[in-house]
Amino acid sequence: MCDTPPLFYTEQGDLLDAPLEWSPCLLVLATALDDTTVVTLQGKRLELQKRRIQGTWRLVASLPRLGVGGYHLGLNGQIYVFTVQSSKLNPNEIEQLLIDLHYHLPASIALSLQRANVLVGGKVIEATQLTITSEINRLRNAIKGTSAYRGLCDLLPALQHAPHQHICTENQWQTAQSARRPHPAQLIYALQAHNLDAQQSIKRVLDQRSELTVDVYENQLVKTYLHQVRQALCRLRGIARCRVEVDALWQALLYAEHQAPFLQSVRLLTHLPQRETTVFQHVPLYQAVMLNYKLFQENISINLYNKSLELPLENLPVLYQLWGTLQILQALLTVGESEGYQVIKQALCVPDKLGWLVNILPNGKPALVLQHPIHHTTVSFIPERTYQQLGAGFQQRPDIAIEIENSVGELQVYLFDPKYKLDSHQDKPQKVDIDKMHAYRDAIRQRGKHVVRYAAILYPATTQQFTAEIAAFMAIPSQAEALQTQVQTCLRQALKIPLIADNNHNV
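First residue of the sequence shown: 1, per UniProt numbering; consecutive thereafter.
Written out as structure tokens, the structure reads:
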């Protein structure tokens, strides 16, 4: 750390604890520093200049506009760490957003799909949702153990002293002189022309070599289970109120893993564990592992896949869009189920190694398709759908498109764009975002007809209605129920009544 930490000021000269999100900021250095001072931000050198600050000449650097996240400031080789906080969502809202993404929304979506009988190839999901407290208890028991069973902190070092092994035999090319047990059936490969020398003698042969290996099914399950526990801890590390205990569990698990280096030679399972071998039934250490594993699996793991979750603060705008997308998806599933629609296709939820994986692919293809069994209206949920008019040189690409098509091919489109804004501190949507909703409404057509019936942004401020078809919905994690009510009301009428051609929108 720097002996004299730098100071942050607004361009107007007001002292700051840290730079504000996406706002101009001055970095002011101590008076003792001179022109040889080198300052870097995230490894990139900053340009310094002398400026008078509160009557004193100081070395100053203009920081670029910074998004939410942690930053490393280098000052003559020393490191100073600071964090830019969100100006749109307070820490409690960010924590709720992460809880929704890790637990509530994936589980809710998976349960909706299970009720629609479209989940195939995995375990049945119970209609319960983990709380933060129950998840910490589950992880503590898995790592530390209880009075009834041993934890991974105890089991992993013990396994290092007696890991299950078996003999692995493989064929390796060896020189004829060093071969031990050439397999007779493999000699035909040794007689190929390229493997004969000038005297027509064999250069190399396939020789059978046997060695003990710990890369067996039982140890692969242990490593996969360890990986699952580590992932569950990672999901909790971004939640402030449990960070101290989670960090302690993380360190305990890391120490236990370092005491079991044999696992470095073991691969992860490539499929769901489906069998309990004799080793798990009769070897005491592996019996204890299986008991721990089974108790942990009593709550089915439903995970959301997105790399941005690894660095939640740095990727807050991306995660806000993902959160908004899942909220719209859940609203559609809820309305569709209540109106009698059936899921005929889904690309959202697939079996994972130890549970279910929820994934939203922004590929412009339907992630979910519903159909009504009576009037045959089809509803498609499409992330990042690209619309382009024939002959037009520009494209329209809303974040979320819900296309509703009746049995005769008439189309209605409902569009939603989650917007975590970086360049505005006002509690209202930006004009450019609302203008984009108007552009969607006017440009997206089918056979010359306007088909967009509703276009709304989701943003972290109050709801505003601009026209009958254009709106900005309040989307704040702690008030997700209000968002669900708004979106469901918007979709319900469209899904309730088969489409009727709207001649008023003809061009």
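All C-beta atoms in this analysis are idealised placements derived from N, C-alpha and C, irrespective of residue type, glycine included.
Please report the straight-line C-alpha distance between residue i and residue j, rounded to a whole angstrom.
| i | j | result |
| --- | --- | --- |
| Leu-348 | Ile-360 | 6 Å |
| Gly-324 | Pro-163 | 47 Å |
| Gln-231 | Asn-406 | 43 Å |
| Asn-141 | Gln-12 | 53 Å |
| Tyr-387 | Val-408 | 21 Å |
| Ala-260 | Pro-157 | 5 Å |
| Pro-24 | Tyr-71 | 16 Å |
| Leu-415 | Ile-302 | 28 Å |
| Val-84 | Trp-22 | 9 Å |
| Val-222 | Gln-114 | 29 Å |
| Thr-270 | Leu-226 | 15 Å |
| Leu-29 | Ile-53 | 10 Å |
| Arg-385 | Ile-109 | 21 Å |
| Asn-171 | Arg-235 | 43 Å |
| Trp-57 | Arg-51 | 5 Å |
| Leu-495 | Gln-220 | 48 Å |
| Val-81 | Leu-73 | 6 Å |
| Leu-159 | Gln-96 | 39 Å |
| Lys-421 | Pro-312 | 16 Å |
Let's see if you can read the secondary structure: which residues bound the alpha helix (DSSP H) around residue i?
| i | result |
| --- | --- |
| Glu-95 | 91-99 |
| Pro-383 | Element bounds for Pro-383: not the alpha helix (DSSP H) but the beta strand (DSSP E), 378-383. |
| Tyr-80 | Tyr-80 -> not in any alpha helix (DSSP H); beta strand (DSSP E) instead, spanning 78-84. |
| Arg-52 | Counting along the chain, Arg-52 falls outside any alpha helix (DSSP H), though it belongs to the beta strand (DSSP E) covering 49-53. |
| Ser-134 | 132-144 |
| Gly-336 | 316-338 |
| Gln-251 | 243-258 |
| Thr-224 | 217-237 |
| Ser-112 | 105-115 |
| Asp-433 | 431-443 |
By the DSSP assignment, the beta strand (DSSP E) with residue i in it spans what residues?
| i | result |
| --- | --- |
| Val-452 | 452-459 |
| Ala-401 | 400-405 |
Since residue i and residue j are thought to touch, with beta carbons under 8 Å apart, how far apart are those beta carbons, to the nearest angstrom?
| i | j | result |
| --- | --- | --- |
| Leu-66 | Pro-460 | Between Pro-460 and Leu-66 the Cβ distance is about 19 Å, and since that is not below 8 Å, they are no contact. |
| Asn-38 | Asn-92 | Reading the sequence as shown, one finds Val at residue 38 and not Asn. With a Cβ gap of about 39 Å, Val-38 and Asn-92 do not count as contacting. |
| Ile-132 | Ile-239 | 7 Å |
| Gln-174 | Val-205 | 6 Å |
| Leu-268 | Thr-224 | 5 Å |
| Val-229 | Leu-253 | 7 Å |
Tell me which same chain residues have a C-beta within less than 6 Å of the C-beta of residue i, skipping the five on either side of it?
| i | result |
| --- | --- |
| Ser-308 | Asn-315, Val-318 and Leu-319 |
| Ala-471 | Ala-456 and Gln-465 |
| Thr-463 | Phe-473 and Met-474 |
| Asp-417 | Pro-398, Asp-399 and Ile-457 |
| Leu-291 | Tyr-149 |
| His-505 | The predicted position of His-505 is uncertain, since its pLDDT is 44 and thus under 50; a value taken from the coordinates is nonetheless stated next. Cβ neighbours of His-505 beyond the five flanking positions: Lys-449 and His-450. |
| Ala-256 | Leu-152, Cys-153 and Leu-156 |
| Ile-344 | Val-369 and Gln-371 |
| Leu-105 | Leu-326 |
| Trp-356 | Ala-110, Gly-122, Ile-302 and Cys-349 |
Looking only at its chain, what residues have a beta carbon closer than 8 Å to the beta carbon of residue i, apart from the 5 residues adjacent to it on each side?
| i | result |
| --- | --- |
| Leu-390 | Reliability fails at Leu-390, whose pLDDT of 47 lies under 50, so the model's placement of it is uncertain and the value that follows must be treated cautiously. Nothing meets the Cβ criterion. |
| Leu-411 | Glu-403, Ile-404, Glu-405, Gln-446, Val-451 and Leu-499 |
Once the 5 residues before and after residue i are set aside, which same chain residues still bring their CB inside 7 Å of it?
| i | result |
| --- | --- |
| Arg-19 | The question names Arg, but residue 19 is Pro in the sequence shown. Same-chain partners within the cutoff: Phe-8, Cys-25, Leu-63, Leu-66 and Val-84. |
| His-372 | Gly-340 and Tyr-341 |
| Cys-242 | Ile-132, Ile-136 and Leu-236 |
ask   = Are the region 321-340 and the region 373-385 touching, with three or more C-beta to C-beta distances below 8 Å?
value = yes
task = Report yes or no: do the region 272-287 and the region 204-215 share at least 3 C-beta pairs separated by less than 8 Å?
result = no
message = For the pair the region 279-291 and the region 339-346, tell me if three or more CB-CB distances fall below 8 Å.
response = no
query = Using 8 Å as the Cβ pair cut-off and three pairs as the minimum, do the region 481-491 and the region 426-442 touch?
reply = no
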